[in-house]
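Data block below; observations after.
Numbering (my numbering), first residue to last: 1118 to 1296.
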């Protein structure tokens, strides 16, 4: 049995969960999120009000979707109560970020500034010209935007210049030695 999948998802007070067949809708203080659970997996509520994710059999596909579905439902509950934030840093001479309304404008050593638009449900906050954060209630959306921004200028292993997550360690390489 999946160790993650068999754990119930606790529902805090102030969160309203609606289960309609394979669709799970979670409404909380920060917003509303919906999820369509994969077919063999079923979702229900137990006597304590927690969400229980179960599978019909022990086939390989059912086992793999069991833990995944439970984690996705838990991410919905966490998203509408606390939300998700990813902090990022920029290293390099002349590299900076500026907030332009809801969007971010990056100077990353290219001949042009790079503009990133904020999708619905995601907000950007610029703390300093080299530090910014991405916030939202949908974990997948926040993580995907962060990955797209990081891909604009990945950290260079020789000089360390580029965009990285806060606290991320870049494995540095030694450059060529001249004779």
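Yeah, the Cβ is synthetic: ideal placement off N, Cα and C, and Gly gets one too.
Between which two residues does the beta strand (DSSP E) containing residue i stretch?
i            : result
residue 1258 : Careful: residue 1258 lies outside any beta strand (DSSP E), inside the alpha helix (DSSP H) at 1256-1269.
residue 1188 : Per DSSP, residue 1188 belongs to no beta strand (DSSP E); it is in the alpha helix (DSSP H), 1177-1198.
residue 1137 : 1133-1137
What would DSSP say about residue i, mapped onto helix, strand or coil?
i            : result
residue 1221 : strand
residue 1164 : coil
residue 1282 : strand
residue 1120 : coil
residue 1245 : strand
residue 1126 : strand
residue 1291 : coil
Any idea which residues DSSP pairs residue i with across the strands?
i            : result
residue 1151 : 1142
residue 1252 : 1202 and 1240
residue 1233 : 1221
residue 1210 : According to DSSP, which records beta bridges pairwise, residue 1210 is partnered with nothing at all.
residue 1159 : 1171
Can a CB atom of chain B be found closer than 8 Å to the CB of residue i?
i            : result
residue 1291 : Among the protein chains of the structure shown there is no chain B, as only one such chain exists.
Whole-angstrom Cβ separation of residue i and residue j, contact assumed at under 8 Å?
i            : j            : result
residue 1143 : residue 1214 : No, residue 1143 and residue 1214 are not in contact; Cβ-Cβ is about 32 Å, not under 8 Å.
residue 1237 : residue 1230 : Not a contact, Cβ separation roughly 23 Å.
residue 1190 : residue 1141 : 6 Å
residue 1254 : residue 1147 : 5 Å
residue 1267 : residue 1288 : With a Cβ gap of about 16 Å, residue 1267 and residue 1288 do not count as contacting.
residue 1185 : residue 1157 : Between residue 1157 and residue 1185 the Cβ distance is about 12 Å, and since that is not below 8 Å, they are no contact.
residue 1167 : residue 1129 : Contact flag wrong, Cβ pair sits at about 10 Å.
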